[in-house]
Amino acid sequence: MEMMGFVLWEGITLLFVLLAGLGVLIIRRKASGQPGFTRHDWLTYFGDLQLRMSKPRLALRLSFAVFLCSCLTLIGNPFLARMGPGLYSVTIIFACLGIVKLTLR
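To convert, count from 1 in the sequence shown and add 84; that's my numbering.
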C-alpha cells in the first residue's frame, strides 16, 4: 500500500510540474507579446518524427541515445537529486526525450 501512495504522490507531482512549467512558458510569452503556444511548439512536442533510415542505423543511433541518457543520469544525479524526486524525474525525462529526438535526426 505504501508503494501505491508513493506512485500516486509522484504522479501528481509530475503532472503539477509539467502544467506549472507550461503555464510559466505561456505567461512569459504573453508578457513579451508573443503567442502563448505556437505551431512550432506543437510540432516539437507532438509532431511526427518522420524517420527514414535503415534498421541497423536506427539501432546504432538509439543505442547512442541510451548511452548519452545514462551518462546524463549519472552526471546529473548528485546535483538534481537534492532538489527532490519530482523535479529530478521531470528534468531527466525531458533531457532524455531531447537527446533521443536529436540523435534520431
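From the three backbone atoms N, C-alpha and C, an ideal C-beta is built for every residue, glycine too.
Original post:
Quick one: is the Cβ of C180 within less than 7 Å of any heavy atom of the ligand PLP?
Top reply: The ligand PLP is not part of the structure shown, which contains no ligands of any sort.
Subject >> Simplified DSSP state of D132, which is helix, strand or coil >> reply: In the sequence shown, counting from the first residue as 1, residue 132 sits at position 48. In the structure shown, D132 sits in coil (DSSP, three-state: anything other than H, G, I, E or B).
**OP:** Would you kindly report the start and end of the unbroken alpha helix (DSSP H) that includes P80?
**Re:** Look at the range of the chain in this structure, 85 to 189, and you will see that residue 80 is not part of it.
Subject >> C-alpha gap between V150 and G170, whole angstroms >> reply: By one-based count along the sequence shown, residue 150 stands at place 66. By one-based count along the sequence shown, residue 170 stands at place 86. Straight-line Cα distance between these residues: approximately 22 Å.
**OP:** Taking A165 as part of the alpha helix (DSSP H), name the residues at either end of that continuous run.
**Re:** What you label residue 165 is simply residue 81 of the sequence shown in a count that begins at 1. No alpha helix (DSSP H) holds A165; DSSP gives it neither H nor E.
Original post:
Rounded to whole angstroms, how far is the Cβ of V174 from the Cβ of L98, which I believe are closer than 8 Å?
Top reply: On the sequence shown, residue 174 is found 90 positions in, with the first residue counted as 1. On the sequence shown, residue 98 is found 14 positions in, with the first residue counted as 1. Rounded, the Cβ-Cβ distance is 6 Å, consistent with contact.
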